[in-house]
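> Next up is a structure, given as structure tokens.
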Amino acid sequence: MNEFSVLIGGKAGFGIDKASLIIASLLGQLGYRSYIYRDYPSLIRGGHTFSIIRASTEKVATYRDQIDALLALNQETVDLHKARLKGSGIIIYDSDSVNAGTVSGVKNAIGLPLTSIIKEEKAGEIMRNTCIIGAFAKSISIEWNTLDATFRKNFSKELDQNLKVARRAFDTSKEFTALKKLAKERLPLVTGNEAVALGLVRAGLKSYIAYPMTPSSPILHYLANLAEEFDLKVVHPESEISVIMMALGIVYCGHKVAVGTSGGGFCLMTEGLSFSGMAELPVVIVMGQRPGPSTGLPTYSCQTELQFVLSAGQGEFTRFVIAPGDAEEAYYASQLALQISWKYQIPSIVLTDKAMAEGTYSFDIGSCDEIKEEAAALWDGRPPYKRYSNTDSGVSPLAFPGKPGVVIKANSYEHDEAGISTEDPAVTVKMQDKRLRKEKYLAAELENYESVKVHGNKNSATALLCWGSNKGVCVEIANMLNLKVIQPVIMSPFPAGRFRKALEGVNKVIAVENNAMGQLTKVINTYGFNVNASILKYDGRDFSLEELEDRVRKVIG
Amino acid sequence: MILNTNAKNTWCIGCGNFAILNAIKAVINELVAEGLPVENIVLVSGIGCHAKIVDYIDVNSFYSLHGRVIPPATGIKIANPHLKVIGHSGDGDAYGEGIEHLIFAAKRNIDITVIVHNNRVYGLTTGQYTPTSPEGYKGRSTPYGTKEMPMNPLEIMLASGATFIGRGTSGAMESLKKIIKEAIAHKGFSIVDVLQTCVTYYNMYDYYDKRVYELKDHDPYNYDQAIGKIREWDYNKDAKIPIGVFYKRESPVFEESFKPSGAEGRDRSNGIKKILAESV
Ligand code: SF4
């Protein structure tokens, strides 16, 4: 078996998240690579929540609808997901809460009185999740030692209790199949958010400011926990407006800073974004997309903010926008964003989406490109100092308050080279040209980067066009159907030359996007490129492998 | 130090902003004479007539957005606690669009000073009412008079946990300088509401002249006395208007909650690899 998918489901509050991480970790012990798809409603308790852990011998970055094992902590999970099970699939359920009759058609079924076991062991109700994992491990012939080791890695609290309940389920469960052990090194499991956070840290982040908002809040939590390790100042202020303005104050003092949010919070940040463009204060904004308009579906996924981030903010200014497609790309993208921001003194946006941000990947840092940190363009100490001196590249030397002999004036108004407000038409044009000139140099530098990625069969005349988290699913489909995949990663300045190159030999372009209007399609249209067909999905869920395969086959005929 | 820039001053003749400009310049000079390096001073302003003050003073400055004086001032202080961060804000800025930030700055006791140029009118946008205009104020957006009562911002500041609250006027230079200097010297969040007369849209010189008096025998460390004096004039009723330092309290400051962990300069690449290895 080259891959194996497990679905675990129950109500929000049942510990599904933790359980799915342990399952992926367990399969990781055997050498498998995983992607975890998370599906949960915007509720703290109740509702239906589930995760699909897809493990494979090769790197995966998407989920399958079809599953090999179903772990049901309640009746709803059986009712909603039984149809996904393969004929040989295993179902393990809590016989205290699931009606046995509803699983009678499944060949490999095992009911365990989880609720009773927990009671007998005097364990918390939440431990039904680790109990069911014990049974699952046995069902795929994982040795107790492996399970024991996984638990030890994943629990700092109540380890013994968890082991005890898992052991009981393990002993009473049955073996149905055996997953072969692979001779592969184990990889850590990292969410897209964590990869972004680590990339920022790697590139020299000193401070992270954010107001909680799905799907980016986990970056705030993660970095708050790492604050001591990396000497970070992590702040959660009163609003997103405060977030970005506080960040700009920090930047002004020479500290590398990033902020994180989603569409709604980004709406509030746009005044600060525009200020960053005008005052040339470098800031990285991590923008985790989720469905809108407005509050939309807060905990689900989409790709609807591309056009928003490309044009947000009043006025015209240079910005860098990058849209990574998986954890490795996210790690790289956030490094690059911080670097480019500081090099050009412009705002950068790292555009993620919920599928990637909260999806979990087996993360191979060894395969990631790393940025070599470049020193910022600092003032050479020769007076007079002018914060906005008009240089050839448009980039003025930096100095930070506290430095003797210089006066540093940041200004949201149009200003002269010294940072003093002006309404003079000639100065206005000069300064606007200076700021926009950076884009030319930035675009030239980006020629050295893989700004448009090509995957699959590079000679195929049919190409899937995708961006963001759709990379994973598109690459798999392309490999299956012998197609090419074109994935723009840098969205601003848009690498039109590289995109044209990627299109060479292609006569059919099929855009795959998680939105209703074809946002990337619209972007490429403005550069004179067109798509021949669009596959759009906007129900808040990203494409499963089967669904996209089916839809691509219909289009290619 | 002269502290002038080559920017042309565009305030109306007689504007109360001049008094604040002169006061802050004098205070900066005194602080520098007392040993504060001038490069450690940062002025932050919002948008409005008041905000031009940063163009007119030759020290570090951050000309922010309307309502957004406090967040960057906070960020600056967090990034570099050695800096003296002085925010200049308008009353529309501080008490209207930016009031949430003001309340939170007081709540977290960040060590910055906020000087509110409170002329109780929008000057630069030509005379509309503000959060502290009296009931019935007739401005361009309220030709029949406002139907709202003004807020008493100092009472809000006291309730929010501000550790220094003062009031001055543009008509009493010497006392204004003293209050501002004391506010800057205070370790913690300090706010000075300056009744700054806008001669063009809301000329209150005579009104204030008749009512303003300096606090005497007032103990700023006494909360009850402070609230009594803060409530004496509510920005609406025709009462005596006290100026001076109303309230003072010592309390830990926010920026000191970020203690350097000693990780500065550590190899981050290895740190990341270690974290990943531990989570395998
Ligand atoms: S409009 Fe009022 S506040 Fe503005 S400069 Fe003139 S007098 Fe001063």
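Top line first, the protein sequences correspond to chains A and B. At position 367 of the first sequence the residue is numbered 1774 (our numbering), and the sequence of numbers has no breaks. At position 230 of the second sequence the residue is numbered 679 (our numbering), and the sequence of numbers has no breaks. We put the beta carbon where it would ideally sit given N, CA and C, even for glycine.
1) Among the candidates A:PRO1791, A:ALA1634, A:TYR1820, A:GLU1723, whose CA atom is the shortest distance from the CA of PRO709 of chain B?
2) When every heavy atom of the ligand SF4 is checked, does at least one fall within less than 6 Å of the C-beta of VAL565 of chain B?
3) Identify each residue in the region 505-535 of chain B for which the Cβ-Cβ distance to at least one residue of chain A is less than 7 Å, and report them in chain order.
4) Taking the alpha-carbon positions, what's the GLU705 of chain B to TYR684 of chain B distance?
5) Closer than 7 Å by C-beta to LYS626 of chain B: which residues in its own chain qualify, once you throw out the five before and the five after it? Chain order, please.
6) Consider the Cβ of GLU488 of chain B: report whether some Cβ of chain A lies at a distance smaller than 7 Å.
7) Are ILE519 of chain B and LEU551 of chain B close, meaning C-beta to C-beta below 7 Å?
8) Less than 7 Å between CB atoms is the rule here; does LEU485 of chain B satisfy it with respect to chain A?
9) Would you kindly report the start and end of the unbroken alpha helix (DSSP H) that includes HIS550 of chain B?
10) Roughly how many angstroms separate the alpha carbons of ILE1884 of chain A and ASP1957 of chain A, rounded to a whole number?
11) How about THR649 of chain B: is its Cβ closer than 6 Å to a heavy atom in the ligand SF4?
12) Where does GLU1821 of chain A fall in DSSP's three states?
13) Which word fits TYR662 of chain B, buried or exposed, when buried means at least 16 other C-beta atoms lie within 10 angstroms of its C-beta?
14) Indicate whether LEU1521 of chain A and ARG1535 of chain A have their beta-carbon atoms separated by less than 7 Å.
15) Using a 10 Å radius around the Cβ and a threshold of 16 neighbouring Cβ atoms, would you call TYR1444 of chain A buried or exposed?
16) Any chance the CB of ASN568 of chain B is under 6 Å from a heavy atom of the ligand SF4?
17) Would you say GLU488 of chain B and PRO1791 of chain A are within 7 Å of each other, going by their C-beta atoms?
18) Going by beta carbon distance, what residues of the same chain come within less than 7 Å of VAL1485 of chain A, once the five residues before and after it are set aside?
19) If I'm right that MET1898 of chain A touches LEU1743 of chain A with Cβ under 8 Å, what's the distance once you round it to whole angstroms?
20) On a CA-only basis, which of A:ALA1468, A:ASN1481, A:ARG1491 is nearest ALA1507 of chain A? Give me that one, please.
21) Exposed or buried, what is ASP687 of chain B when buried is set at 16 or more other beta-carbons lying within 10 Å of its beta-carbon?
22) When the cut-off is 7 Å and only beta carbons count, does HIS566 of chain B lie next to chain A?
23) May I ask you to check if the CB of GLY524 of chain B is nearer than 6 Å to at least one heavy atom of the ligand SF4?
24) Are the CB atoms of ILE1827 of chain A and ASP642 of chain B nearer to each other than 7 Å?
25) Please determine if the region 641-655 of chain B and the region 559-568 of chain B are in contact, where contact requires at least 3 C-beta pairs separated by less than 8 Å.
26) Run through the DSSP bridge pairs and tell me what LEU1943 of chain A is partnered with.
27) Run through chain A and tell me which residues come within less than 7 Å of GLY463 of chain B, C-beta to C-beta.
28) Below 6 Å, is the gap between the Cβ of GLY572 of chain B and the nearest heavy atom of the ligand SF4?
29) Leaving out five residues on either side along the sequence, give the residues of the same chain with a beta carbon under 8 Å from the beta carbon of LYS1571 of chain A.
30) Among B:ASP673, B:VAL729, B:LYS697, B:GLY547, which one has its Cα closest to the Cα of GLU631 of chain B?
31) Hey, quick one: how far does the beta strand (DSSP E) through VAL518 of chain B stretch, first residue to last?
32) Could one say the Cβ of GLU1635 of chain A lies closer than 7 Å to chain B's Cβ atoms, at least one of them?
33) Based on the DSSP secondary-structure assignment, which residues constitute the bridge partners of LYS533 of chain B?
34) State yes or no: is the C-beta of ASN471 of chain B nearer than 6 Å to some heavy atom of the ligand SF4?
35) Taking ALA1654 of chain A as the query, report the chain B residues whose CB atoms sit under 7 Å from its CB, ordered along the chain.
36) Any beta carbon from chain B within less than 7 Å of VAL1666 of chain A's own beta carbon?
Taking the geometry as given:
1) A:ALA1634
2) no
3) ASP507, VAL508, ASN509, SER510, PHE511, TYR512, SER513, LEU514, ARG517, PRO520, PRO521, ALA522, THR523, GLY524, ILE525, ILE527, ALA528, ASN529, HIS531, LEU532
4) 35 Å
5) ALA472, ALA475, VAL476
6) yes
7) yes
8) no
9) 548-557
10) 10 Å
11) True, at least one ligand heavy atom lies under 6 Å from that Cβ.
12) coil
13) Burial call: exposed.
14) yes
15) buried
16) It does: the Cβ of ASN568 of chain B is within 6 Å (strictly closer) of some heavy atom of the ligand SF4.
17) no
18) ALA1479, TYR1500, VAL1505, THR1509, VAL1510
19) Their Cβ separation, rounded to whole angstroms, is 13 Å, which puts MET1898 of chain A and LEU1743 of chain A out of contact at 8 Å.
20) A:ASN1481
21) exposed
22) With respect to chain A, the C-beta atom of HIS566 of chain B has no partner C-beta closer than 7 Å.
23) no
24) no
25) yes
26) A:GLU1920
27) Within chain A, no residue comes near GLY463 of chain B; the closest Cβ sits about 22 Å away, beyond 7 Å.
28) Yes, the ligand SF4 has a heavy atom inside 6 Å of this Cβ.
29) GLU1528, ALA1530
30) B:LYS697
31) First-last for VAL518 of chain B: undefined, no H or E at that position.
32) yes
33) B:ILE490
34) no
35) GLY524
36) no
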